[in-house]
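**Q** Quick one: structure below, then a few questions.
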Amino acid sequence: MKSKLLIIAEAGVNHNGSLDLARQLIKVAAEAGADVVKFQTFKTEKLASKAAKQAEYQSKNIGGSDDLQFGMLKRLELTKAMHQELIGICKEENIQFLSTGFDEESIDYLDQIGLPLFKIPSGEITNKPYLQHIASKGKPVIMSTGMANYNEIGAALDVLMQGGLKKEKITVLHCNTEYPTPMKDVNLRAMLSIREAFGVEVGYSDHTLGIEVPIAAVALGATVIEKHFTLDRNLSGPDHRASLEPNELKDMVRAIRNIELALSGSGKKEPSESEKPNIAVARKSIHIGETIEAGAILNRHHIMMKRPGTGISPMDIEKVLGKRTLRKLEEDSLLKWEDLES
């Protein structure tokens with residue numbers, strides 16, 4: 479998880495309960511170059527009561543007279559057979575399958591089918607029994623922190639570590655749980671504050687429109703990026719409006735990989751291999767500004783600084799001035815040490 483930046487393409491529930499849509503989402507994520515495509519695993523009866531209301535963004539995106547979560551979630555459940563089908567498609571497409579489990583039974587199932595890590599969604603960060611159950615599995619954890627404050631993040635980390643999970647196995651994602659997140663509420667520097675406060679690896683789970691913020695998060699040091707995507711933002715469903723379309727996902731992955739490369743240097747300021755050939759082209763050397771005879775004493779009027787930089791550096795001008803020339807030097811010629819008395 480820490481060897482390179484991990485890009486999670488969050489399909490979530492944007493499959494709308496359709497195996498065919500889910501299959502297409504996997505292919506889109508793989509073609510974009512994401513490392514992981516992530517879905518959601520839950521039993522509606524264990525996730526929400528029949529009286530739980532939808533979030534405002536959910537009811538707005540779905541429409542209709544039913545503003546309760548239960549019916550919406552029931553339509554979006556993935557069966558065990560669908561999970562197996564999606565895992566097979568991921569293997570064919572050479573992309574890692576992942577799913578967020580929202581209840582203990584789902585966590586057990588995901589563990590049973592061999593998921594390499596667990597993703598804790600923002601809404602479960604205050605669910606102590608859930609956190610304890612995940613910690614008991616001993617696998618790496620990525621935890622989103624939408625709606626949370628420092629105390630809640632610290633308490634969740636304490637539960638995980640008291641359950642036997644080492645801090646080195648935990649990555650905390652800064653997140654804002656509003657779909658889409660207004661730019662003024664992103665507060666991206668909080669990601670760095672989390673790293674400083676808790677000494678953990680950090681990343682960013684993005685719900686803004688566009689790709690700028692996750693790219694900026696990578697430049698700031700994120701080790702994991704999670705971003706919702708869809709086949710079409712106009713589809714009906716709770717999360718489509720705040721998701722990237724296929725070409726946008728591809729653009730985001732490409733930009734992130736470029737930033738990752740740009741950050742991969744040693745940090746030491748020195749000429750790169752690619753720019754070394756340009757040193758002679760772009761820099762200047764001391765040249766003869768007018769023809770002068772042998773035996774002349776060089777003064778400032780005799781010389782000019784011109785490209786290429788293959789001769790005596792202008793930084794050595796004091797070592798040149800006052801020297802006697804050993805031969806006639808033509809105007810515009812490159813001055814060499816052997817032209818001068820030592």
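In terms of my numbering, the sequence shown opens at residue 479 and continues consecutively.
Here a beta-carbon is modelled for each residue, glycine too, at the ideal position from N, C-alpha and C.
#1: Pick from Asn736, Leu503, Ala633 and Glu690: whose alpha carbon is nearest that of lysine 482?
#2: For phenylalanine 575, tell me which candidate among Ala529, Ala700 and Ala500 has the shortest Cα-Cα distance.
#3: Who are arginine 802's beta bridge partners in DSSP?
#4: Looking only at C-alpha atoms, which of Gly787, Ile486 and Thr557 sits nearest to leucine 588?
#5: Select from Ser811, Leu807, Lys762 and Ile612 the residue whose C-alpha is nearest the C-alpha of aspartate 794.
#6: With DSSP as the reference, identify every bridge partner of threonine 578, one or two as the case may be.
#7: Would you tell me roughly how many angstroms separate the C-alpha atoms of threonine 803 and lysine 797, rounded to the nearest one?
#8: Within the continuous beta strand (DSSP E) that includes tyrosine 682, where are the two ends?
#9: Kindly indicate which three-state DSSP category histidine 780 falls into: helix, strand or coil?
#10: On the DSSP letters alone, give me the boundaries of the alpha helix (DSSP H) that valine 731 sits inside.
#11: Looking at C-beta atoms only, is the number of pairs between the segment 646-653 and the segment 675-682 that lie closer than 8 angstroms three or more?
#12: So the alpha helix (DSSP H) glutamate 571 belongs to, where does it begin and stop?
#13: Quick one, are the C-beta atoms of serine 577 and phenylalanine 517 less than 8 angstroms apart?
#14: According to DSSP, simplified to helix, strand and coil, what is lysine 528?
#15: For threonine 655 and serine 600, which I take to be in contact (beta-carbon distance under 8 angstroms), what is that distance rounded to the nearest angstrom?
#16: Got a sec, what are the start and stop residues for the alpha helix (DSSP H) phenylalanine 707 sits in?
#17: State buried or exposed for leucine 741, treating a residue as buried only when at least 16 other CB atoms are found within 10 Å of its CB.
#18: Given this structure, state the Cα-to-Cα distance separating lysine 615 from leucine 698, to the nearest angstrom.
#19: For a test of the three-state rule: what should DSSP assign to lysine 552, helix, strand or coil?
#20: Can you list, in chain order, the residues of its chain with a C-beta nearer than 6 angstroms to that of valine 515? Leave out the 5 residues immediately preceding and following it.
#21: On the premise that leucine 546 lies in contact with alanine 530, defined as a C-beta separation below 8 angstroms, what is that separation, rounded to the nearest angstrom?
#22: Along the chain, where does the beta strand (DSSP E) that runs through valine 650 open and close?
#23: Would you tell me roughly how many angstroms separate the C-alpha atoms of proline 755 and proline 786, rounded to the nearest one?
#24: Bridge partners of methionine 621, per DSSP?
#25: Quick one: residues in its chain with C-beta nearer than 8 angstroms to the C-beta of aspartate 663, no 5 flanking neighbours on either side, listed in chain order?
**A** Here's the rundown:
#1: Here the question's residue 482 lines up with position 4 in the sequence shown. Selected option, being the one with the closest Cα: Asn736.
#2: The sequence position of residue 575 within the sequence shown is 97, counting from 1. Checking every option, the nearest Cα to that of phenylalanine 575 belongs to Ala500.
#3: On the sequence shown, position 324 is the one that residue 802 refers to. Listed as beta-bridge partners of arginine 802 by DSSP are Ile775.
#4: Position 110 of the sequence shown, counting from 1, holds the residue named residue 588. Among Gly787, Ile486 and Thr557, the Cα nearest to that of leucine 588 belongs to Thr557.
#5: For this step, residue 794 is matched to residue 316 along the sequence shown. Answer by Cα proximity: Lys762.
#6: Looking up residue 578 in the sequence shown gives position 100. The partner list for threonine 578 (beta bridge, DSSP) reads Gln518.
#7: Working through the sequence shown from its first residue, we reach residue 803 at position 325. Working through the sequence shown from its first residue, we reach residue 797 at position 319. Near 13 angstroms, if we compare the C-alpha coordinates of lysine 797 and threonine 803.
#8: In the sequence shown, counting from the first residue as 1, residue 682 sits at position 204. Counting along the chain, the beta strand (DSSP E) containing tyrosine 682 begins and ends at 679-684.
#9: Taking the sequence shown and counting its residues from 1, one reaches residue 780 at position 302. Collapsing the DSSP output to three states places histidine 780 in a helix.
#10: By 1-based counting over the sequence shown, the position of residue 731 is 253. Its alpha helix (DSSP H) spans residues 724-740.
#11: With a cut-off of 8 angstroms, the segment 675-682 and the segment 646-653 count as touching, because enough Cβ pairs lie within range.
#12: Residue numbering aside, residue 571 sits at position 93 when the sequence shown is read from its first letter. Segment 558-571, the alpha helix (DSSP H) holding glutamate 571.
#13: Residue numbering aside, residue 577 sits at position 99 when the sequence shown is read from its first letter. Residue numbering aside, residue 517 sits at position 39 when the sequence shown is read from its first letter. The Cβ atoms of serine 577 and phenylalanine 517 lie closer than 8 angstroms to each other.
#14: In the sequence shown, counting from the first residue as 1, residue 528 sits at position 50. Three-state result, lysine 528: coil.
#15: Here residue 655 refers to the residue found at position 177 when the sequence shown is read from its first residue. Here residue 600 refers to the residue found at position 122 when the sequence shown is read from its first residue. Between serine 600 and threonine 655 the Cβ distance is about 5 angstroms, and since that is below 8 angstroms, they are a contact.
#16: For the purposes of this step, residue 707 is taken as the residue at position 229 of the sequence shown. Element bounds for phenylalanine 707: n/a, residue is neither H nor E.
#17: Here residue 741 refers to the residue found at position 263 when the sequence shown is read from its first residue. Per the 10 Å Cβ criterion, exposed.
#18: The residue given as residue 615 occupies position 137 in the sequence shown. The residue given as residue 698 occupies position 220 in the sequence shown. The C-alpha of lysine 615 lies about 31 angstroms from the C-alpha of leucine 698.
#19: Stepping through the sequence shown from its first residue, residue 552 is reached at position 74. Helix, per DSSP.
#20: Numbered from 1 along the sequence shown, position 37 holds the residue referred to as residue 515. Exclusion of the five residues before and after valine 515 leaves Ala487, Ala489, Ile504, Ala507 and Ile573 as the residues of its chain whose Cβ lies within less than 6 angstroms of its Cβ.
#21: For this step, residue 530 is matched to residue 52 along the sequence shown. For this step, residue 546 is matched to residue 68 along the sequence shown. With a contact defined as Cβ atoms closer than 8 angstroms, alanine 530 and leucine 546 qualify at about 7 angstroms.
#22: For the purposes of this step, residue 650 is taken as residue 172 along the sequence shown, with counting starting at 1. That run of the beta strand (DSSP E) goes 648-653.
#23: Against the sequence shown, residue 755 aligns to sequence position 277. Against the sequence shown, residue 786 aligns to sequence position 308. Whole-angstrom Cα-Cα distance: 12 angstroms.
#24: Against the sequence shown, residue 621 aligns to sequence position 143. Methionine 621 is bridged to Ile598 and Val650.
#25: Translated into positions along the sequence shown, residue 663 becomes position 185. So the qualifying residues of the chain are Asn654 and Glu656.
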